[in-house]
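As given, the protein sequences belong to chains D and P, one line each in that order. First residue of the first sequence: 292, per the numbering used here; consecutive thereafter. First residue of the second sequence: 292, per the numbering used here; consecutive thereafter. C-beta: ideal position from N, C-alpha, C; glycine also. On a predicted model such as this, the values are computed, not experimentally measured, just so you know.
Protein chains: 2
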Amino acid sequence: MLAESGDDGAALVAADVEVGDYRNLEDLLAFAKGCDVVTFDHEHVPSEHLQALSAAGVTVWPDANALLFAQDKAAMRRRLSELNLPAPHWADLSDAPDASAAAARLTEFGDRVGWPVIVKAISGGYDGRGVWLIHSVEDARELLAGEHRLLVEERADIDFEIAALVARSPFGQGSAWPVVETVQQDGICVEVIAPAPGLSSELAETASEIALRIAGELGVVGVLAVEMFVTRGGELLINELAMRPHNSGHWTIEGARTSQFEQHLRAVLDYPLGSTAPSAPVVVMANVLGGPEDVTPALDERVHHLMARWPDVKIHLYGKGFRPGRKVGHVTALGRELDEVRSRARAAADYLSMGDQAKVDAHD
Amino acid sequence: MLAESGDDGAALVAADVEVGDYRNLEDLLAFAKGCDVVTFDHEHVPSEHLQALSAAGVTVWPDANALLFAQDKAAMRRRLSELNLPAPHWADLSDAPDASAAAARLTEFGDRVGWPVIVKAISGGYDGRGVWLIHSVEDARELLAGEHRLLVEERADIDFEIAALVARSPFGQGSAWPVVETVQQDGICVEVIAPAPGLSSELAETASEIALRIAGELGVVGVLAVEMFVTRGGELLINELAMRPHNSGHWTIEGARTSQFEQHLRAVLDYPLGSTAPSAPVVVMANVLGGPEDVTPALDERVHHLMARWPDVKIHLYGKGFRPGRKVGHVTALGRELDEVRSRARAAADYLSMGDQAKVDAHD
């Protein structure tokens with residue numbers, strides 16, 4: 292694998308690590324020599340580099356044409372509109388001739404769909420970064436004059452959020468895991484519940500169909516996560532696409548017969564895809580967010596306590612520093628009763644984070 | 292990890308591989324620098340080297356005192372006799388003053404317990420090597436004059452064979468997976484069925500208790516596999532000990548909440564042990580034995596066919612050459628119906644091996 296440094300989470304456990312910069316074409320070309328297939332665990336490799344790799348004869352999955360729709364939210368919105376797939380109303384602000392034209396377009400949009408609206412950076416945002424809630428055009432003046440290429444979306448009347456995780460091989464085989472609920476806090480996914488408890492089987496089926504259709508229409512090879520809103524009116528609206536093993540699929544490591552990581556490799560290597568059957572009636576993944584440092588008990592001791600308390604909860608720590616709010620790991624709990632499994636996963640993640648909630652849970 | 296070569300199965304996938312010789316104390320000492328704990332995936336590291344590592348302040352689990360009982364079958368038999376644990380009748384032939392004294396001892400033993408008897412190399416045997424069925428002392432003349440240190444055991448009246456897999460931490464915590472049946476062919480384990488279908492719950496409990504007791508009495512840290520015979524009289528007899536993740540536990544990778552590999556690491560690092568709950572009612576692991584080379588379809592194509600036919604069967608290939616009869620990989624199948632799961636695992640392993648059986652199964 293190509294890693295930015297030997298201290299990267301994946302580099303700590305993988306064989307054959309080469310250190311290099313994914314923004315540097317020479318590094319990419321040198322790394323690709325001798326690879327059967329090149330793939331990613333993030334979407335930040337510049338599109339022109341991917342095209343250059345393909346032009347040099349390297350097999351790259353997902354390819355630049357597909358990955359574009361995960362890198363460029365305006366291209367994604369435009370393509371989904373062409374496909375008549377359900378999405379929030381939106382408008383591109385990036386092709387306005389100047390900031391005041393963009394402001395006029397924003398005003399027109401907000402007046403039409405209703406304020407507040409959501410302004411998003413077209414590329415580079417994640418975990419709530421690059422997303423702004425805008426109550427009036429005044430709120431957006433600084434943004435519009437800034438460096439980001441922007442689009443605007445209606446603020447959907449969200450009941451809850453879901454993710455439909457699928458995989459597709461170059462041969463065209465598709466597979467879907469059960470659709471999950473993704474619980475958000477301050478724009479960060481804190482919990483994933485499989486299967487999504489509040490979702491009707493009809494909506495779940497529709498969500499899977501939408502995700503498989505997007506994978507096919509966009510020519511995705513590998514894992515595709517389609518994040519969606521379920522509105523209070525019971526409608527599905529597509530929010531984001533990710534073309535790689537995704538946080539909303541970490542539950543599959545223990546919770547499904549084939550994990551998203553194994554499936555991604557099967558897909559990009561064009562092997563038949565594996566069974567996505569769940570291994571328990573309820574699976575909950577809770578993200579461990581970085582909390583305060585220098586707390587007592589220290590992390591390793593917390594891991595000991597947690598393993599002793601719940602021998603069946605699995606702990607994944609990524610070897611990252613505990614910056615507050617950063618996703619530094621996750622835990623997975625399996626079982627039969629939603630409330631029990633969920634509270635166990637929640638308490639375990641909070642205890643590892645040592646947030647306020649955790650202190651209560653750790654002493655009850 | 293320390294590997295004999297970068298082409299070793301584990302070295303192909305592990306981070307931080309150092310190439311060295313486990314029979315060379317300098318290599319071991321150099322490798323151990325900076326390790327919190329040193330452990331093994333085989334039992335061939337010389338006992339005196341393990342003692343030297345411990346003397347140099349290295350934490351070694353299992354330690355030389357425990358590992359001796361997996362390295363030296365006479366020491367193991369003697370210790371189990373002291374503990375009054377059920378085992379075949381046996382006699383040490385290695386401390387006879389010469390070959391004719393050993394022959395006299397063998398004759399006396401065979402006449403007492405009944406011929407034929409089993410003669411075993413005290414160290415170094417595996418997969419049927421170092422084990423001889425002896426019908427009369429004449430059969431053993433060459434062996435007795437050879438280099439092997441030998442012991443003799445009665446030939447038990449075996450109904451079937453089982454393995455009790457447990458783990459123990461330095462803290463003294465023990466855990467046991469469901470007891471499995473191990474199906475042998477020509478002295479090689481070809482199939483592992485979890486839980487052992489023909490075993491009463493009383494005998495299963497007794498087998499687990501025996502394994503946990505051995506782990507405690509011998510001071511084992513890590514995974515311990517206790518291979519046992521179930522006699523036609525319904526008695527348990529201890530056959531062999533292995534102190535490491537073992538072929539009889541490969542089913543736990545997909546078939547149990549905590550795999551033997553995770554548990555071994557938890558144990559040697561003195562973390563609390565994980566849940567050993569099975570993830571399906573029936574789990575069958577079948578070993579892939581090396582078959583003929585240059586057959587059609589080639590291995591990679593066979594893997595494709597197999598994945599397409601059974602998306603839920605998991606294939607593990609160790610990156611070893613396909614020497615006939617050698618364990619080169621295994622497959623795991625999970626389900627509800629014993630016969631169905633077993634025939635699926637059997638056919639998958641045979642097809643990968645491309646033995647005669649496989650040819651039939653592949654075309655039916």
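Tell me whether residue i sits in a helix, a strand or coil according to DSSP, three-state version.
i	result
residue 490 of chain D	coil
residue 330 of chain D	coil
residue 464 of chain D	coil
residue 459 of chain D	strand
residue 622 of chain P	strand
residue 515 of chain P	strand
residue 607 of chain D	strand
residue 564 of chain D	coil
residue 355 of chain P	helix
residue 553 of chain D	helix
residue 503 of chain P	helix
residue 531 of chain D	strand
residue 310 of chain P	strand
Distance, Cα to Cα, residue i vs residue j?
i	j	result
residue 439 of chain D	residue 294 of chain D	27 Å
residue 648 of chain P	residue 568 of chain D	Per-residue confidence for residue 648 of chain P stands at a pLDDT of 48, beneath the threshold of 50, marking its modelled position as unreliable; the derived number appears in the next sentence. Their backbone Cα atoms lie some 30 Å apart in a straight line.
residue 458 of chain D	residue 597 of chain P	19 Å
residue 651 of chain D	residue 536 of chain P	Residue confidence for residue 651 of chain D is low, a pLDDT of 36 falling below 50, so the modelled location carries little weight and cannot support an answer.
residue 636 of chain D	residue 622 of chain D	6 Å
residue 633 of chain D	residue 625 of chain D	9 Å
residue 356 of chain P	residue 498 of chain P	23 Å
residue 554 of chain D	residue 359 of chain D	21 Å
residue 523 of chain P	residue 402 of chain P	22 Å
residue 408 of chain D	residue 382 of chain D	11 Å
residue 298 of chain D	residue 352 of chain P	27 Å
residue 385 of chain P	residue 538 of chain P	29 Å
residue 397 of chain P	residue 437 of chain P	15 Å
residue 365 of chain P	residue 531 of chain P	11 Å
residue 323 of chain P	residue 460 of chain P	20 Å
residue 594 of chain D	residue 300 of chain D	18 Å
residue 337 of chain P	residue 560 of chain P	22 Å
residue 376 of chain P	residue 529 of chain P	8 Å
residue 645 of chain D	residue 583 of chain D	7 Å
residue 332 of chain P	residue 521 of chain P	27 Å
residue 599 of chain P	residue 431 of chain D	53 Å
residue 541 of chain P	residue 474 of chain P	14 Å
residue 479 of chain D	residue 420 of chain D	9 Å
residue 321 of chain P	residue 642 of chain P	43 Å
residue 543 of chain P	residue 484 of chain P	11 Å
residue 362 of chain D	residue 415 of chain D	7 Å
Taking 8 Å as the cut-off, decide whether the C-beta atoms of residue i and residue j are in contact.
i	j	result
residue 657 of chain D	residue 613 of chain D	The displayed coordinates of chain D run from 292 to 655. Any statement about residue 657 of chain D would go beyond what the structure contains.
residue 556 of chain D	residue 617 of chain D	no
residue 575 of chain D	residue 627 of chain D	no
residue 519 of chain D	residue 455 of chain D	yes
residue 512 of chain P	residue 577 of chain P	no
residue 378 of chain D	residue 368 of chain D	yes
residue 482 of chain D	residue 451 of chain D	no
residue 465 of chain P	residue 507 of chain P	yes
residue 434 of chain P	residue 470 of chain P	no
Among all the DSSP beta bridges, which residues are the ones paired with residue i?
i	result
residue 452 of chain P	P/520
residue 577 of chain D	D/482 and D/622
residue 383 of chain P	P/442
residue 473 of chain P	P/483
residue 631 of chain D	Bridge partners of residue 631 of chain D: none, in fact.
residue 410 of chain P	P/423 and P/443
residue 495 of chain P	According to DSSP, which records beta bridges pairwise, residue 495 of chain P is partnered with nothing at all.
Are there 16 or more other CB atoms within 10 angstroms of the CB of residue i, so buried, or fewer, so exposed?
i	result
residue 491 of chain P	exposed
residue 424 of chain P	exposed
residue 587 of chain P	exposed
residue 445 of chain P	buried
residue 591 of chain P	exposed
residue 334 of chain D	buried
residue 304 of chain D	exposed
residue 500 of chain P	exposed
residue 427 of chain D	exposed
residue 448 of chain D	exposed
residue 476 of chain P	exposed
residue 314 of chain P	exposed
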